[in-house]
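The UniProt record's numbering applies: residue 1 is where the sequence shown begins, and numbers increase by one. Virtual Cβ for every residue (Gly too), placed ideally from N, Cα, C. Nothing here was measured: the structure is a model prediction, and the numbers come from that model.
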Amino acid sequence: MCKIVLLAVIESVQELVKSLTGKDPNVTVNPDEVVALGAAVQVVWFVFLRVIYL
């Protein structure tokens, strides 16, 4: 089971996502936390690549 996380609070975008997927998007996520998590994942990925190719 997957969840749809939507950072945009624009009503028309929420309705479009719901019509395309049949699921209500989760809009309760803090955008700052998502950016921080994405940055952390990228750092781990870059370190992983550096270890493999050096």
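Tell me the rounded alpha-carbon separation between F48 and I4. I4 has its alpha-carbon roughly 28 Å from the corresponding atom of F48.
Within a Cβ cutoff of 6 Å, which residues of the same chain sit near residue 55, ignoring the five residues on either side of it in sequence? Residue coverage of the chain in this structure runs from 1 to 54, which leaves residue 55 outside it and unanswerable.
Can you grab the Cα-Cα spacing for the pair C2 / V44, in whole Å? Their Cα atoms are separated by approximately 23 Å.
Give the range of the alpha helix (DSSP H) segment to which residue 63 is assigned. Nothing about residue 63 can be read from this structure; the chain reaches only from 1 to 54.
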